[in-house]
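Trainee:
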Amino acid sequence: MTKTLPPSLAIIGAGPAGLMAAEQLSLKGCSVSVYDQMPMPGRKFLMAGRGGLNLTHSETFDQFVTRYGEAKDFLAPFIHAFSPDELRAWCDDLGEASFIGSSGRVFPKSFKASPLLRAWLRRLETQGVKFFMRHEWKGYTDQGALYFHALEKGDVLVKPDAVLLALGGASWPRLGATGAWQNLLRDKDIAVTPLTASNVGVNVPWSEYFISRFAGQPIKRLIISCGEHHAHGEAMIAHYGLEGGALYALGPLLREVLKRDGSAILSLDLRRDLSESELTARLKKPRGKK
């Protein structure tokens, strides 16, 4: 009697998308191998953990999907199938409880990514997922095999039953997100949507004095506006300008305005709890001896 082998699947990319795909497909009985050019999985995930690791948001589903802009109608069924509440339950099952912050954002109680990643990788190991690190994807051979360059083995050819690409963007080249895969796909006449900025800060020409005094300082309870659109939250003063959640919420709008007009104006309300008259009155009060 011939024994049927499980379908073999290669996942290229060991970030959260690749790891989640590996978890689900290995549960379905696939033989899963994950390839990545970095020395360990989840490098960008760990970097995100330095900021507390915002996992998801507690707002209503209808509001939550609007965060995805033009893609919301396409993504809504997938988000509904694995909702923010289900993501929190998944974290709990891995032993990493989460909580809802004052902004409505959801964070692990540890405020770290490393415990969650370790528990996740242990689960994948028990499900038979194999990892091949330091394997840089170089494209396809004429015979349709995947072509990798491995740091220790040299050239490696793999021909699985299916391939899943989880390659990320070009936001952190030193962590593996170079965007070099775009040309590999275009060479095979596969259309690729151009990468655009997302969750990035804005450049502000601070003075050297200002940078020396305030770089790294948070601005809390802030309202940032662009035209008629507003975002509430926090921002961080960086050496190059401003970054943080309030800015990221306006990211899609800023891209649209910059593309259309070539420039965009951001307005910051630093004291959103005070009216203009209240703020004027406070500023007129003497501040003590000069």
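For the sequence shown, the working numbering assigns the number 314 to the initial residue and increments by one for each residue that follows.
Here a beta-carbon is modelled for each residue, glycine too, at the ideal position from N, C-alpha and C.
1) Whole angstroms is fine: what's the gap from Ser427's alpha carbon to Glu589's?
2) Going straight from the alpha carbon of Cys343 to that of Ser520, what length do you get?
3) Just confirm the distance between the C-beta atoms of Leu429 and Leu407, as a whole number of angstroms; I'd bet it's less than 8 angstroms.
4) Of the choices Lys451, Ala458 and Ser580, whose alpha-carbon is the least far from that of Asp474?
5) Is Asn443 helix, strand or coil by DSSP?
6) Who pairs with Pro531 in a beta bridge, going by DSSP?
7) Quick check on Pro421: buried or exposed, where buried means 16 or more other Cβ atoms within 10 Å of its Cβ?
8) Beta strand (DSSP E) containing Pro329: first to last residue?
9) Using a Cβ-Cβ cutoff of less than 8 angstroms, which residues in the same chain neighbour Leu592 once the five nearest sequence positions on both sides are dropped?
10) Do Leu488 and Arg363 have their C-beta atoms closer together than 8 angstroms?
11) Near Val345, which residues of its chain fall below 6 angstroms by C-beta distance, leaving aside the five closest residues on each side in sequence?
12) Going by other Cβ atoms of all chains shown within 10 Å of its Cβ, with 16 needed for buried, is Pro350 buried or exposed?
13) Comparing alpha-carbon positions, which option in Gly382, Ser416, Thr369 and Glu556 lies nearest Ser396?
14) DSSP has Val419 in a bridge; who is on the other side?
15) Who are Ala490's beta bridge partners in DSSP?
16) To the nearest angstrom, report how far apart Leu318 and Lys472 are at their CA atoms.
17) In whole angstroms, what is the alpha-carbon distance linking Lys501 and His545?
18) Counting pairs of Cβ atoms below 8 angstroms between the region 506-524 and the region 554-563, do you hit three or more?
19) Taking DSSP's pairing of strands, which residues face Tyr460 in a bridge?
20) Closer than 7 angstroms by C-beta to Thr379: which residues in its own chain qualify, once you throw out the five before and the five after it? Chain order, please.
21) In the DSSP assignment, find the beta strand (DSSP E) that holds Ser588 and state where it starts and stops.
22) Does DSSP put Ser520 in a helix, in a strand, or in coil?
23) Classify Gly414 as buried or exposed, calling it buried when 16 or more other Cβ atoms lie within 10 Å of its own Cβ.
24) Quick check on DSSP: helix, strand or coil for Cys539?
25) Starting from the C-beta of Phe424, find all residues in its chain whose C-beta is less than 6 angstroms away, skip the five residues before and the five after it, and write them out in chain order.
Mentor: In brief:
1) About 45 angstroms.
2) Cα-Cα distance, rounded: 56 angstroms.
3) Contact flag correct, Cβ pair sits at about 6 angstroms.
4) Looking only at Lys451, Ala458 and Ser580, the smallest Cα-Cα distance to Asp474 is reached by Ala458.
5) First, the residue type needs correcting, since residue 443 is Lys and not Asn in the sequence shown. Under the three-state reduction of DSSP output, Lys443 falls in the strand class.
6) The partner list for Pro531 (beta bridge, DSSP) reads Met549.
7) Around the beta carbon of Pro421, a 10 Å sphere encloses 16 or more other beta carbons of the protein chains shown; the residue is thus reported as buried.
8) Annotation: Pro329 is outside any beta strand (DSSP E); the continuous alpha helix (DSSP H) that includes it extends over Pro329 to Leu340.
9) If we look at Leu592 and ignore the five residues flanking it on each side, its Cβ neighbours are Arg584.
10) Not a contact, by the Cβ cut-off of 8 angstroms.
11) Excluding residues within five positions, the ones whose Cβ falls inside 6 angstroms are Leu322, Ala335, Leu338, Ser339 and Val442.
12) According to the sequence provided, residue 350 is Gln. The question's Pro does not apply to it. With 16 or more other Cβ atoms within 10 Å, it is buried.
13) The option with the nearest alpha carbon to Ser396 is Thr369.
14) BP columns for Val419 point to Thr369 and Ile413.
15) Paired residue(s): Trp485.
16) When rounded, the separation of the alpha-carbon atoms in Leu318 and Lys472 is 15 angstroms.
17) For the pair Lys501 and His545, the Cα-to-Cα distance works out to about 44 angstroms.
18) Yes: the two stretches touch, three or more of their Cβ pairs being nearer than 8 angstroms.
19) Per DSSP, Gly452 and Leu470.
20) Excluding sequence neighbours, Thr379 sits near Lys385.
21) From DSSP, Ser588 is part of no beta strand (DSSP E); its letter is neither H nor E.
22) Three-state DSSP puts Ser520 in coil, outside helix and strand.
23) A residue is called buried once 16 or more other Cβ atoms fall within 10 Å of its Cβ, and Gly414, having fewer, is exposed.
24) Strand, per DSSP.
25) Taken in chain order, the residues that qualify are Gly365.
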